[in-house]
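Here the structure comes first, spelled out in structure tokens, and everything after it is commentary.
In the working numbering, the protein residues as written are 61 to 337.
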């Protein structure tokens, strides 16, 4: 018998190795830049903010069953409040806006949430004071369910010499109760648009600070986060009202222009053509 090295190689079964005749896999594929298939849409913020066009977003063009406007709906954009209101003092708050409708090349958005920047939260936490937090689920009068998170810190009383200003457990419990009460009261009595108008100037935080003075002096009281939990059924007229494109405010603004009547169009100067039966 021949040694193994000298034996002739057995023939491969015909048709088994299918890749031999085809060459290298993926050789002829062209690399196409994905952005050639994209188009850009404007992001329109609701009427609560002074800057309405707050950015752009790309989306793949409509092809077959994949419709561009359907892919845009539900997208959440995070925009700094300083950019939305042209006010650098509000730089530490970020607003979330969700796309609910697409009109032409504009995405109509609605308020979806609010968060604080990490550096602002870290800068407020200091030694020798108590940090008090509370959260509550609220339902606005137009059916939006949200979770509001509040944060506050104790401060020294006027002329206090003691280094620390810690609130005891009972005081902290009373302050948390007050926070929840005020957040619920301010949120359930109004619609989402009015509630967003309360978040921007921090009305609720100031209200809590004032109410807690009798328990323990407070400082840096803020609504640090707002989460959207449930939304009512989509209503286009409500969304257009929020954007100021329809509704009583827009109707009042569009009163038309005054028309100049020519002198020869005076009804008294026209010849009498007789009664029309």
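Beta carbons: idealized from backbone N, C-alpha and C, even for Gly.
The model shown is predicted, which means the values in this text are computed figures rather than measured ones.
Distance CB(residue i)-CB(residue j) smaller than 7 Å
i: residue 192; j: residue 232; result: yes
i: residue 205; j: residue 296; result: no
i: residue 281; j: residue 304; result: no
i: residue 134; j: residue 156; result: no
i: residue 109; j: residue 132; result: no
i: residue 255; j: residue 202; result: no
i: residue 139; j: residue 159; result: no
i: residue 178; j: residue 154; result: no
i: residue 122; j: residue 198; result: no
i: residue 171; j: residue 285; result: no
i: residue 207; j: residue 90; result: no
Burial state of residue i (16 or more Cβ within 10 Å)
i: residue 302; result: buried
i: residue 99; result: exposed
i: residue 187; result: exposed
i: residue 194; result: buried
i: residue 311; result: Summary for residue 311: the model assigns pLDDT 43, below 50, so the residue's position carries little reliability, and this model does not support an answer.
i: residue 246; result: buried
i: residue 148; result: exposed
i: residue 292; result: exposed
i: residue 308; result: In this prediction, residue 308 has a pLDDT of 43, which is less than 50 and means its spatial position is unreliable; what the coordinates show is noted afterwards. Residue 308 is exposed by the Cβ-count criterion.
Heavy atom of the ligand ZN within 6 Å of residue i beta-carbon
i: residue 301; result: Summarising the ligand content, the structure contains no ligands, and the ligand ZN is consequently not present.
Rounded separation between residue i and residue j - CA only
i: residue 244; j: residue 95; result: 46 Å
i: residue 161; j: residue 218; result: 53 Å
i: residue 235; j: residue 272; result: 6 Å
i: residue 130; j: residue 278; result: 47 Å
i: residue 225; j: residue 189; result: 5 Å
i: residue 104; j: residue 298; result: 15 Å
i: residue 181; j: residue 257; result: 22 Å
i: residue 111; j: residue 146; result: 7 Å
i: residue 229; j: residue 269; result: 18 Å
i: residue 92; j: residue 150; result: 42 Å
i: residue 274; j: residue 300; result: 44 Å
i: residue 137; j: residue 294; result: 19 Å
i: residue 164; j: residue 185; result: 46 Å
i: residue 216; j: residue 142; result: 31 Å
i: residue 106; j: residue 124; result: 32 Å
Closest Cα partner of residue i within the set the options
i: residue 238; options: 115, 259, 212, 90; result: 212
i: residue 260; options: 198, 283, 270; result: 283
i: residue 223; options: 90, 287, 214; result: 214
i: residue 342; options: 111, 126, 89, 106; result: Any answer about residue 342 is impossible in this case: the structure gives the chain only from 61 up to 337.
i: residue 196; options: 163, 240, 185, 124; result: 240
Contact belief for residue i with residue j at Cβ below 8 Å, rounded distance in angstroms
i: residue 128; j: residue 120; result: 7 Å
i: residue 152; j: residue 227; result: In fact, because the Cβ distance is near 25 Å, the residues do not count as touching under 8 Å.
i: residue 200; j: residue 250; result: 7 Å
i: residue 242; j: residue 267; result: 5 Å
i: residue 166; j: residue 102; result: 5 Å
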